[in-house]
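So the structure is just underneath, and the comments pick up after that.
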Amino acid sequence: MDPYAVLGIAHDADDATIRRAYLELVRQFPPERAAERFTEINEAYNKVKEKRSRLEYYLFNRETRFNSPFEVLISHFAIAGKRKPPTFEEIKEYLRICATR
Amino acid sequence: MGKKKKRKKKRNRNDYRSLPLEVLEKKAEESLAAGKYREARDYFKELYRHDTEQYLPQLIKAHEGLALNMIEKGQGENARAVLDHLKGLESKGQKSRLEFILPMKEGNFPDAALAALRYLAQGEEADGTEEKCLLYDALVLSFGDFDSLGLVPPLIREETVAIQSALKLLCEEKYDQALEVLRPVGLHSPFSHWKLFIKGLCAFYRMEDEKARKAFLRLPSESVPAKAAQGYLVLLDGRDGLKEYHKKTDLLGQACWVAGEKDLEPVLPRAEYLWRVGRFRDSFAFVRSNMRGFPSEGPGIMQSLANFYFNAVSLMQRKEAEKYLSFFDKIRSGKGNTDKLEQLMIQRAECLYIENEPTYDFVLLDLWTKFLELYRNVHGEESSLEAVVYAHLGDLFSEEEVHCDTFSTFFGGRRSQRLDVRNAEIAERCYEKSLELESGTRDVHFSLLELYEKTGQKSRANKKLDEIIRLFPEDKDALYKAGRRCVERNAFVKGMKYLEQAIKLDPLDGKVRDSFIVCCIKAALRHAKNAQPDRYRKLLPRALQQGDENSDDFNRGHAYLYARWANFELLNANVIEAEALLNSGLALAGDESGVLYFNWLAARLYGVPFKYVKKTRKRVEEAFSGRASPERAARFAETISYFSHASRPGWLEDELKRVNHFARKAVKGDFSRDQARIIVEYALSQPNGDKNLAWAYVKQALIQDPDDPFFLFLRYQMKDDHWFRKRNIRPMDELKRILALAENRRDQQLMVKIRKAMDELQHLQNIFSPDETMDDFLEDEDVFGEDGFDEDFRTFVENVIGERLPRGRTRRRNKKTEKKASASQQLNLFE
């Protein structure tokens, strides 16, 4: 899982921004309530918390938790903060497309 | 239509005519039920001629079915022709649902809504639930055009507006308000499925997945909301669901849309399909040529996809991975390929793949150097990145390789093993280059230090350590390491200084305190042997200060520190002081016999004159000759284990026999699980492992608790396949059962070991041909050779002591993945 996506930060975020995002997420998902999510956030933070670890992640990460390209999309979408409803126009369009199928 | 076909058709029609009505009716009904609408239509046409009123509804149904099939196939014009034909039939009193379905399928929603209203105005009721749903779906999907539709029954208008408003509120993330607006839509309302759908959407966007799934699954299957919910269900079902969905590209396209990645809709479903059927390169090529901006390093899904495709090579089997990489290579060297970023990513994938393959060192170095060149071309100079790459290369080249001389084993000799660094020269150069680019990286300094230590360059290691202390004076790890190195060099004063500084920085770190105490004891021993009582008497209180009064730890526990101190006094003939100190130790001990035995063994190891320890010896003998309790046996076993890690003088063998004998006597007693565990581990950690002693305790422990996973696993490891076969137990089933028990007791460490054993067993089973059984393999003594038993036993001991002994062909030990000693592990002073 892309640690930047897990933490909801840009790839050029600095140490302070990353820490802020991490603390905010930990507040939202404390270990006693969401142990799995907390572990994920923690792992992501450790991968990008400082410049050197960010570079190491960029260079040497071989993460392949996915078995297929669509799993990438599913995991990407499963991250907190990613579920935002579409606009009214978009949902109209979507429903109408579904009606024609 | 060809002449032949026309003639055939005419003949068929004539055939219908010749059939009796009952047969024709039966055939017509069967065709309709089977969805053969064209056939059904022909039969009903014939029947219609005989009785217009009776067969009109079925004839319309057959026409509708046919038209719907045509719509599905994209034959809109043909469908419309069928509809026109239907209109002629309707004038005779029947209305067709196609009037609103067809425009809806064609995307003409205002017409669909108008037709639906007309249908309703004439008091028509749709046939089934699904048709009824579609009728009202047409009204909802009219959206803004609702007012232009003319007269709409007030209730229908009210509920349609409620659904549309709720959708609007949902899109504004006002979920509570959306649900509030839906309140007037009742359970029996024709719009109830829309209410359910919106409820599901609210739950979905609130991350209440189970609730959302339940709502979506209850929707009537042919309704528009049910079709729309499919995309959401794909995302909710997650990775497991994909096995089922990967061929349904429409559904996956919908899921892309729902996930807010509309641009991926035309690409990802096909790429998924290709990947799932094993066409990895085609999948990559499809994405590459159809997805604008791929590959990307920027944030978002594009980057995640690029990571997936370029990292996937490490998931593949070697043959497939090589094909995939050579495909990358073709892309890279292809004419007109100017995408430098793609080249960079390919280079990185190649470097990471090659690292795990047997390759020449210069090839690896060259690949990474090329990567750095490409990086400079794409992103410009970045010294910190280059420093990281060189440090990584340093780590790779300083990996230890275990060489095993199998040649001598073949001829019955002992395996000779050497531990070599992969390429010390390149490793050193890489570390130095990394430090040149970024001098302040502590870890690289430590790695270089470790390299010097591994290659036995003591003077360079010492210099490096001094440099580290100078650069990082407030670094606990640096001070700790420096302290330990000083202890190894017998530079105790300096070592104590570093370790004391480290303790100040982190007073709770047991590992540092342990090292400090060890340093004090070693220094004190030297002073005791040099007849300098004043000096060791100053040191030992400092050790006591860092120790624990009530601990059973042989280094930190005050009882054991006093016992050692007593021996130091005896070395200087201070009998009275020694007795007082030993008594202080015994007073602190829970079980005197353990401390007494420790004192006795330490005295022998320190070389205390025999005349001073006669009394202790007598007391120890009394302890051994008394009732053999498991508690005492466990303590003796722990004590002797602590000493037996050191060099093994002859007298220690006698002591081991004595403890083994005592422990064997104690097996009849009532022992706790922990005591059994200690004794079994002790028995198996000896070089010639006392399997009988271990087995006696394992057997007894399983009588006490037949479901104890730890002892069951030991039994599994100690007994061979025949033992299990006699009892009709299959080894893999047994392991599965033990794993389940370990999971119940949440014994994580044991779970890891069991899983590993399962993997090994599976691997072994895979090696056999189908005709060969495990027994055949085990019976074949030549397979293991003379030391076959040793090999089994070695695995067993490894599992028990939790460390892997070197064996077999060359293996690399990666320091990053190497297990670190736990803080509770006691440092052995006698090593």
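The listed protein sequences correspond, in order, to chains A and B. Numbering-wise, the working numbering comes out as the position in the first sequence, counting from 1, plus 21. With the working numbering, letter number 7 in the second sequence gets -8, and the count goes up by one each step, no holes. For glycine and all other residues, C-beta sits at the position ideal for the given N, C-alpha and C. All figures in this text were calculated on a predicted structure; none of them were measured in a lab.
query                                                                                                                                        : result
Distance, residue 710 of chain B Cα to residue 719 of chain B Cα                                                                             : 11 Å
Contact set for residue 164 of chain B: own chain, Cβ-Cβ below 8 Å, skip 5 residues either direction                                         : 151, 183, 184 and 187
Coarse secondary structure for residue 406 of chain B, derived from DSSP in three states                                                     : strand
Chain-ordered chain B contacts of residue 116 of chain A [CB-CB under 7 Å]                                                                   : 126, 209 and 213
Segment limits, alpha helix (DSSP H) that includes residue 482 of chain B                                                                    : 477 to 490
Interface residues of chain A facing residue 286 of chain B [CB-CB closer than 8 Å]                                                          : 93, 94 and 97
Cβ pair residue 256 of chain B, residue 272 of chain B closer than 8 Å                                                                       : yes
Whole-Å CB distance - residue 497 of chain B paired with residue 465 of chain B, under 8 Å assumed                                           : 5 Å
Residue 533 of chain B - DSSP class collapsed to helix/strand/coil                                                                           : strand
Closer than 8 Å at the beta carbon, the chain A residues around residue 416 of chain B                                                       : Neighbours of residue 416 of chain B on chain A: none; closest Cβ ~15 Å, over 8 Å.
Test: residue 72 of chain A CB closer than 8 Å to a CB of chain B                                                                            : yes
7 Å Cβ shell around residue 250 of chain B - same chain, five flanking residues per side excluded                                            : 238, 241 and 242
The alpha helix (DSSP H) enclosing residue 356 of chain B, as first and last residue numbers                                                 : 346 to 364
Proximity test, Cβ basis, 8 Å: residue 190 of chain B and chain A                                                                            : yes
Spatial neighbours of residue 652 of chain B in its chain, beta-carbon cut-off 7 Å, leaving aside the 5 residues before and after            : 681, 682 and 685
Given residue 72 of chain B as reference, the closest of B:633, B:452 and B:100 once Cα atoms are compared                                   : B:100
Residue 340 of chain B: first and last residue of the uninterrupted alpha helix (DSSP H) it sits in                                          : 325 to 340
Residue 518 of chain B and residue 584 of chain B closer than 8 Å at C-beta                                                                  : no
Short CB-CB distance (under 8 Å) between residue 736 of chain B and chain C                                                                  : In the displayed structure, chain C is absent; the protein chains listed are A and B.
Closest by C-alpha distance to residue 371 of chain B, when choosing among B:88, B:734 and B:355                                             : B:355
Cα-Cα separation between residue 90 of chain B and residue 68 of chain A, rounded to whole angstroms                                         : 50 Å
Amino acids of chain B, ordered along the chain, whose beta-carbon sits closer than 7 Å to that of residue 59 of chain A                     : Per Cβ cutoff of 7 Å: no residues; residue 59 of chain A is ~15 Å from chain B at best.
Inter-residue Cα distance where the pair is residue 437 of chain B and residue 443 of chain B                                                : 7 Å
Residue from A:35, A:43, A:37 and A:74 with nearest C-alpha to residue 377 of chain B                                                        : A:74
Chain-ordered chain A contacts of residue 158 of chain B [CB-CB under 8 Å]                                                                   : 105 and 106
Member of B:659, B:265 and B:487 whose CA lies at the smallest distance from the CA of residue 622 of chain B                                : B:659
Beta carbon proximity, residue 50 of chain A to chain B, threshold 8 Å                                                                       : no
Beta-carbon proximity check, residue 590 of chain B vs residue 628 of chain B, cutoff 8 Å                                                    : yes
With 16 other Cβ atoms within 10 Å as the buried cut-off, status of residue 624 of chain B                                                   : buried
CB contact check: residue 113 of chain A to chain B, cutoff 8 Å                                                                              : yes
Residue interval of the alpha helix (DSSP H) (run including residue 93 of chain B)                                                           : Careful: residue 93 of chain B lies outside any alpha helix (DSSP H) and carries neither H nor E.
Through-space distance from residue 220 of chain B to residue 93 of chain A, alpha-carbon basis                                              : 11 Å
Cα-Cα separation, residue 32 of chain B to residue 53 of chain B                                                                             : 22 Å
DSSP beta-bridge partners of residue 229 of chain B                                                                                          : Per DSSP, none; premise fails for residue 229 of chain B.
Chain-order list of residues whose beta-carbon lies under 6 Å from that of residue 512 of chain B (same chain, five-residue window excluded) : 520 and 521
Cutoff 8 Å: residue 241 of chain B Cβ touching any chain A Cβ                                                                                : yes
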